[in-house]
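Asks: If you use UniProt numbering, the sequence shown closes out at 120, no skipped numbers anywhere.
Just so it is clear, CB atoms sit at the ideal spot from N, CA and C, and this is done for glycine as well.
Predicted, not measured: the structure shown is a model, and the values here were computed from it.
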Amino acid sequence: GGAGAGPAASELIQRVIQAMASAGLAPTGAIWGAGVAACAREGDFPGAYDLLAQAQRSGCAPRADWYEELVIGLAAQGQEDRALGVFDQMRAARLRPRIQVYNALLGALRGGGGGGGGGG
Numbered sequence: 001g002g003a004g005a006g007p008a009a010s011e012l013i014q015r016v017i018q019a020m021a022s023a024g025l026a027p028t029g030a031i032w033g034a035g036v037a038a039c040a041r042e043g044d045f046p047g048a049y050d051l052l053a054q055a056q057r058s059g060c061a062p063r064a065d066w067y068e069e070l071v072i073g074l075a076a077q078g079q080e081d082r083a084l085g086v087f088d089q090m091r092a093a094r095l096r097p098r099i100q101v102y103n104a105l106l107g108a109l110r111g112g113g114g115g116g117g118g119g120g
């Protein structure tokens with residue numbers, strides 16, 4: 001269960017990033033990755049995409065795990081096209097996906113059940 005009424009992961013990570021900026025610190029790749037992963041696990045894909053864009057704008061070198069978490073999360077939700085799009089971005093950035101990414105994509109493409117509902 002757990003109908004948690006707490007703030008969303010994207011809100012929490014934004015607070016951390018703002019606090020770091022106030023202290024004169026730049027978020028590390030691990031911070032950005034944790035934020036993307038948390039958003040993807042919550043199904044907050046807009047939040048995850050936003051964090052990816054912020055990380056890139058900040059000048060932080062892209063890391064495979066940022067993209068992997070998003071691909072795996074999208075694939076798990078049956079959003080194969082979006083997952084493949086992120087996978088393509090990952091490859092364009094010359095990042096090497098781990099086997100889990102390929103497994104997630106194959107699982108989604110094999111028919112993870114379709115569904116996923118209409119767009120916004």
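1) Output yes or no for whether 7 Å exceeds the beta carbon distance between ALA83 and ALA75.
2) Excluding the 5 residues preceding and the 5 following residue 140 in the sequence, name in chain order all residues of the same chain whose CB lies nearer than 8 Å to its CB.
3) Any heavy atom of the ligand MN inside 6 Å of the beta-carbon of GLN54?
4) Within this structure, are the beta carbons of ALA61 and GLU80 separated by less than 7 Å?
5) Following the continuous alpha helix (DSSP H) through ASP44, name the residue where it begins and the one where it ends.
6) Helix, strand or coil for LEU95, going by three-state DSSP, please let me know.
7) Got a sec? Which residues, its chain only, sit under 7 Å from TRP66 by beta carbon, not counting five neighbours each side?
8) Considering GLN14, what are the terminal residues of the alpha helix (DSSP H) in which it resides?
9) Could you tell me the alpha carbon to alpha carbon distance between ALA110 and VAL71, rounded to whole angstroms?
Replies: For this structure:
1) For the purposes of this step, residue 83 is identified with residue 83 of the sequence shown, where counting begins at 1. For the purposes of this step, residue 75 is identified with residue 75 of the sequence shown, where counting begins at 1. In contact: ALA83 and ALA75 (Cβ atoms closer than 7 Å).
2) Outside the displayed span of the chain (1 to 120) sits residue 140, for which this structure offers no information.
3) Inclusion of the ligand MN in the displayed structure is not the case, the ligand content being empty and no account of it being possible.
4) Within the sequence shown, residue 61 is the residue found at index 61, counting from 1. Within the sequence shown, residue 80 is the residue found at index 80, counting from 1. In this structure, GLU80 does not lie closer than 7 Å to ALA61 by Cβ.
5) Position 44 of the sequence shown, counting from 1, holds the residue named residue 44. No alpha helix (DSSP H) holds ASP44; DSSP gives it neither H nor E.
6) In the sequence shown, counting from the first residue as 1, residue 95 sits at position 95. Looking at LEU95 - three-state DSSP - the assignment turns out to be coil, as it is neither helix nor strand.
7) Counting from 1 along the sequence shown, the entry for residue 66 is found at position 66. The residues are TRP32, GLY33, VAL36, LEU52 and ALA55.
8) As a first step, residue 14 is located in the sequence shown; it is residue number 14 there, counting from the start. Per DSSP, GLN14 belongs to the alpha helix (DSSP H) from 9-22.
9) Taking the sequence shown and counting its residues from 1, one reaches residue 110 at position 110. Taking the sequence shown and counting its residues from 1, one reaches residue 71 at position 71. Looking at the sequence provided, one finds Arg at residue 110 rather than Ala. Spanning the two alpha carbons is a distance of roughly 15 Å.
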